[in-house]
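**Q**
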Amino acid sequence: MDFDLSEEHLLFQRMIRDFVSKEIEPLAERWDETNEFPYDIIAKMADLGLFAVHYPEAHGGSGDELTFVIAVEEISRGSGGLGAIFLASVGLAMYPITLFANEAQKSNYISRVIKGNIAAFGLTEAAAGSDVSALTTRYVKKDDHFILNGNKIFITNGGEADFVTAFATSDRSLGYRGISAFIIEKGTPGFSVGKLERKMGIHPASAAELIFDDCKVPAENLIAEEGKGFKIAMGAIDASRVSVAAQAVGIAQAAYEKAVDYAKERQQFGTAIARLQAIQWMIADMATEIDAARLLTYRAAWQTGKEGHAPLKEAAMAKLFASEASHRVCHKALQIFGGYGYVKDFPLERYARDQRITEIYEGTSEMQRWTIARQILGVK
Ligand SMILES: Cc1cc2nc3c(=O)[nH]c(=O)nc-3n(C[C@H](O)[C@H](O)[C@H](O)COP(=O)(O)OP(=O)(O)OC[C@H]3O[C@@H](n4cnc5c(N)ncnc54)[C@H](O)[C@@H]3O)c2cc1C
40 MDFDLSEEHL LFQRMIRDFV SKEIEPLAER WDETNEFPYD IIAKMADLGL FAVHYPEAHG
100 GSGDELTFVI AVEEISRGSG GLGAIFLASV GLAMYPITLF ANEAQKSNYI SRVIKGNIAA
160 FGLTEAAAGS DVSALTTRYV KKDDHFILNG NKIFITNGGE ADFVTAFATS DRSLGYRGIS
220 AFIIEKGTPG FSVGKLERKM GIHPASAAEL IFDDCKVPAE NLIAEEGKGF KIAMGAIDAS
280 RVSVAAQAVG IAQAAYEKAV DYAKERQQFG TAIARLQAIQ WMIADMATEI DAARLLTYRA
340 AWQTGKEGHA PLKEAAMAKL FASEASHRVC HKALQIFGGY GYVKDFPLER YARDQRITEI
400 YEGTSEMQRW TIARQILGVK
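Every position in the sequence shown, counted from 1, becomes a number in my numbering once 39 is added.
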């Protein structure tokens with residue numbers, strides 16, 4: 040058993056950490072305030088090859104699942120919002136394509152994301168959140184195209200996406216067997232962006248409503264076969280959970296580093312607060328929880344790469360533990376800053392807001408516990 044990252048992974052980690060410290064971290068506070076979408080940084084990331092790290096060489100890529108997870112962690116250390124944009128575009132929205140699409144679709148869409156095109160994953164609806172099979176966006180087949188009608192909500196990158204992987208049903212009475220997956224290009228007739236949510240955190244990532252109003256999707260934009268959409272959606276979410284775990288670890292790491300530095304500097308009662316046992320215990324717990332969360336996350340990424348799909352139980356464990364550990368870490372870090380943790384001159388309150396979504400999207404903590412328990416108990 041080897042817990043060390045390979046030389047390539049270490050080199051990549053150093054390179055991206057440096058890039059994040061110089062180019063991303065200084066802008067995170069401004070993005071948090073203004074919500075402006077960081078097109079300039081995305082172009083720089085594309086130039087650096089950061090959007091290629093998730094894909095095999097055969098499709099122009101240059102990394103693997105673990106490289107991708109390291110990238111998500113490091114980007115999220117600088118900005119949880121940019122971490123969300125990155126993982127939703129390069130990971131979540133693309134898994135339906137990388138895992139299930141035909142060669143022509145793979146080569147087209149992977150190469151576009153590598154160049155910096157933005158992708159989004161459209162599954163959630165007003166009445167279909169955790170219960171994905173309740174979705175009501177419907178489609179009918181007509182000659183050489185499909186007609187979609189319905190609305191998606193809360194879609195990360197929905198406001199900016201160049202294309203969306205989205206899910207609709209041909210017949211609600213068929214349940215999950217009626218669902219199919221499509222690739223929908225920006226500008227497709229009948230496709231528009233509706234309400235943009237005002238969120239608690241992960242600015243500048245958008246959470247948008249997508250509207251399909253007699254949206255005419257070419258037949259070649261169907262992914263795999265009709266009726267396979269539920270399997271495709273679940274495969275994508277299972278895999279993407281690992282990157283949400285990495286996002287949670289990255290935000291926690293940022294909060295922890297700030298808290299350690301602050302504890303050494305801040306003087307109260309004539310001594311650095313780092314000398315107080317109450318503070319030391321918080322720091323010890325934070326370091327231990329981040330380490331455990333990272334190990335679970337890297338293990339799940341490593342297994343995904345080895346097995347070609349995400350390990351259901353281990354991916355859920357990584358997401359559950361990392362997101363809840365990140366919650367505890369961010370709040371302890373904020374506590375170490377005292378009143379300064381609560382005001383916007385320091386990033387602690389931003390970390391606590393950004394971290395919170397990792398317990399909700401791509402399966403709430405309750406859904407992760409359900410998944411883990413079903414795997415252990417062998418029950419449906
Ligand atoms: C900022 C943001 C970005 C998002 N990005 C995307 C995106 O890019 N694409 C996309 O498709 N979706 C996205 N979502 C949607 C997200 O995945 C859902 O919000 C999430 O899955 C929960 O669904 P829900 O909000 O409908 O909550 P509900 O499913 O209504 O859950 C409400 C509560 O009930 C609990 N619950 C539900 N079912 C069970 C159960 N069986 N057992 C125990 N507890 C249960 C939940 O854990 C939760 O506490 C995003 C959401 C947000 C807020």
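We treat Cβ as the ideally placed atom computed from N, Cα and C, and that holds for glycine.
Per DSSP, residue 190 is paired with what?
**A** As a position in the sequence shown, residue 190 is number 151, starting the count at 1. Residue 190 is bridged to 250.
**Q** In the segment 190 to 221, which residue ranges form an unbroken beta strand (DSSP E) of at least 3 residues, counting only runs that do not cross its ends?
**A** 202 to 208
**Q** Could you tell me the distance, in whole angstroms, from the CA atom of residue 152 to the CA atom of residue 197?
**A** Sequence index remark: in the sequence shown, residue 152 carries index 113 (1-based). Sequence index remark: in the sequence shown, residue 197 carries index 158 (1-based). Between residue 152 and residue 197, the C-alpha separation is close to 15 angstroms.
**Q** Can you check whether the CB of residue 343 is closer than 7 angstroms to the CB of residue 357?
**A** Mapped onto the sequence shown, residue 357 falls at position 318. Mapped onto the sequence shown, residue 343 falls at position 304. Cβ atoms of residue 357 and residue 343: not closer than 7 angstroms.
**Q** Thinking C-alpha only, which one of 195, 179, 347 is nearest residue 189?
**A** Residue 189 sits at position 150 when you count from the first residue of the sequence shown. Considering only alpha carbons, the answer is 179.
**Q** Tell me whether residue 420 counts as near ligand 1, meaning its Cβ is closer than 6 angstroms to at least one heavy atom of that ligand.
**A** No answer is possible for residue 420: the residues shown for the chain start at 40 and end at 419.
**Q** In the DSSP output, which residue or residues are listed as bridge partners for residue 185?
**A** Taking the first residue of the sequence shown as 1, we reach residue 185 at position 146. According to DSSP, residue 185 bridges with 180, 256.
**Q** Check whether the Cβ atoms of residue 194 and residue 249 sit closer than 7 angstroms, and answer yes or no.
**A** Residue mapping note: residue 194 aligns to position 155 of the sequence shown, counting from 1. Residue mapping note: residue 249 aligns to position 210 of the sequence shown, counting from 1. Yes. Within cutoff.
**Q** Measuring from the CB of residue 169, is there a heavy atom of ligand 1 at a distance below 6 angstroms?
**A** If you number the sequence shown from 1, residue 169 lands on position 130. Checking the Cβ of residue 169 against ligand 1 gives yes.
**Q** Within 10 Å of its beta-carbon, does residue 70 have 16 or more other beta-carbons around it, so buried, or fewer, so exposed?
**A** Counting from 1 along the sequence shown, the entry for residue 70 is found at position 31. Residue 70 comes out buried.
**Q** Pick helix, strand or coil for residue 288, following the three-state DSSP scheme.
**A** Walking along the sequence shown from the start, residue 288 turns up at place 249. DSSP places residue 288 in helix when its eight states are reduced to three.
**Q** What's the call for residue 297, buried or exposed, on a 16-neighbour Cβ count within 10 Å?
**A** In the sequence shown, counting from the first residue as 1, residue 297 sits at position 258. With 16 or more Cβ atoms within 10 Å of its Cβ, residue 297 is classed as buried.
**Q** Please look up how many angstroms separate the CB atoms of residue 261 and residue 206, rounded, as I've assumed it's under 8 angstroms.
**A** Residue 261 sits at position 222 when you count from the first residue of the sequence shown. Residue 206 sits at position 167 when you count from the first residue of the sequence shown. About 11 angstroms separates the two Cβ atoms, so there is no contact after all.
**Q** Starting from the C-beta of residue 150, find all residues in its chain whose C-beta is less than 6 angstroms away, skip the five residues before and the five after it, and write them out in chain order.
**A** As a position in the sequence shown, residue 150 is number 111, starting the count at 1. Only 99 meet the Cβ criterion.
**Q** Examine ligand 2 and report whether any of its heavy atoms sits within less than 6 angstroms of the Cβ of residue 409.
**A** Ligands present in the displayed structure are limited to ligand 1, and ligand 2 is not among them.
**Q** Let's test the definition: count the other Cβ atoms within 10 Å of the Cβ of residue 145 and tell me whether it reaches 16, buried, or not, exposed.
**A** Here residue 145 corresponds to residue number 106 of the sequence shown, with the count starting at 1. Answer is buried; the Cβ neighbour count reaches 16.
**Q** Does the beta-carbon of residue 139, which I'm using as the reference point, lie nearer than 6 angstroms to any heavy atom of ligand 1?
**A** Here residue 139 is taken as the residue at index 100 of the sequence shown, counted from 1. No, Cβ of residue 139 sits at least 6 angstroms from all heavy atoms of ligand 1.
**Q** Could you spell out the range, first to last residue, of the beta strand (DSSP E) harbouring residue 230?
**A** Within the sequence shown, the letter at position 191 stands for residue 230. Residue 230 -> beta strand (DSSP E) spans 230 to 235.
**Q** Starting from the C-beta of residue 165, find all residues in its chain whose C-beta is less than 8 angstroms away, skip the five residues before and the five after it, and write them out in chain order.
**A** Position 126 of the sequence shown holds residue 165. Hits under 8 angstroms: 190, 192.
**Q** Could you have a look at residue 161 and say whether DSSP puts it in helix, strand or coil?
**A** Here residue 161 is taken as the residue at index 122 of the sequence shown, counted from 1. Correct three-state label for residue 161: strand.
**Q** In angstroms, rounded to a whole number, what distance separates the CA positions of residue 125 and residue 215?
**A** Locating residue 125 in the sequence shown gives position 86, where the first residue counts as 1. Locating residue 215 in the sequence shown gives position 176, where the first residue counts as 1. Each residue's alpha carbon lies about 29 angstroms from the other.
**Q** Restricting to Cα atoms, I'd like to know which of 394, 355, 330 is closest to residue 373.
**A** The residue labelled residue 373 in the question sits at position 334 within the sequence shown. Each of 394, 355, 330 was checked against the Cα of residue 373, and the nearest Cα belongs to 394.
**Q** Can you check DSSP and say which residues form a bridge with residue 311?
**A** Working through the sequence shown from its first residue, we reach residue 311 at position 272. Per DSSP, the beta bridge partners of residue 311 are 306.
**Q** I need the straight-line Cα distance from residue 218 to residue 268, nearest angstrom please.
**A** Counted from its first residue, the sequence shown places residue 218 at position 179. Counted from its first residue, the sequence shown places residue 268 at position 229. Using only the alpha carbons, I get a separation of about 5 angstroms.
**Q** So which of 113, 315, 90 has the shortest CA-CA distance to residue 60?
**A** Within the sequence shown, the letter at position 21 stands for residue 60. It is 113 whose Cα lies nearest to the Cα of residue 60.
**Q** Do you know whose CA, among 314, 318, 89, lies nearest residue 55's CA?
**A** Indexing the sequence shown from 1 puts residue 55 at position 16. Considering only alpha carbons, the answer is 89.
**Q** Identify every run of the alpha helix (DSSP H) within the segment 310 to 384, keeping only runs that are complete inside it and at least 4 residues long; order them along the chain.
**A** 316 to 346, 351 to 375
**Q** State the start and end residues of the unbroken alpha helix (DSSP H) segment that holds residue 54.
**A** As a working note, residue 54 is residue 15 in the sequence shown. Segment 46 to 58, the alpha helix (DSSP H) holding residue 54.
**Q** With distances taken Cα to Cα, identify the nearest neighbour of residue 232 among 252, 300, 384.
**A** If you number the sequence shown from 1, residue 232 lands on position 193. The option with the nearest alpha carbon to residue 232 is 252.
**Q** Confirm, please, whether the CB-CB distance from residue 168 to residue 286 is below 7 angstroms.
**A** Taking the sequence shown and counting its residues from 1, the one referred to as residue 286 is at position 247. Taking the sequence shown and counting its residues from 1, the one referred to as residue 168 is at position 129. Cβ atoms of residue 286 and residue 168: not closer than 7 angstroms.
**Q** Under a Cβ-count criterion, where at least 16 other Cβ atoms within 10 Å of its own Cβ denotes burial, should residue 65 be classed as buried or exposed?
**A** By one-based count along the sequence shown, residue 65 stands at place 26. It counts as exposed.
**Q** In three-state terms, what does DSSP make of residue 263?
**A** In the sequence shown, the residue the question calls residue 263 occupies position 224. Here residue 263 sits in coil by DSSP.
**Q** Between the segment 73 to 80 and the segment 295 to 310, do three or more beta carbon pairs fall short of 8 angstroms?
**A** no
**Q** Are the CB atoms of residue 258 and residue 210 within a distance shorter than 7 angstroms?
**A** Taking the sequence shown and counting its residues from 1, one reaches residue 210 at position 171. Taking the sequence shown and counting its residues from 1, one reaches residue 258 at position 219. In this structure, residue 258 does not lie closer than 7 angstroms to residue 210 by Cβ.
**Q** So does residue 121 have its beta carbon nearer than 6 angstroms to some heavy atom of ligand 1?
**A** Here residue 121 is taken as the residue at index 82 of the sequence shown, counted from 1. Taken from the Cβ of residue 121, every heavy atom of ligand 1 lies 6 angstroms or farther away.
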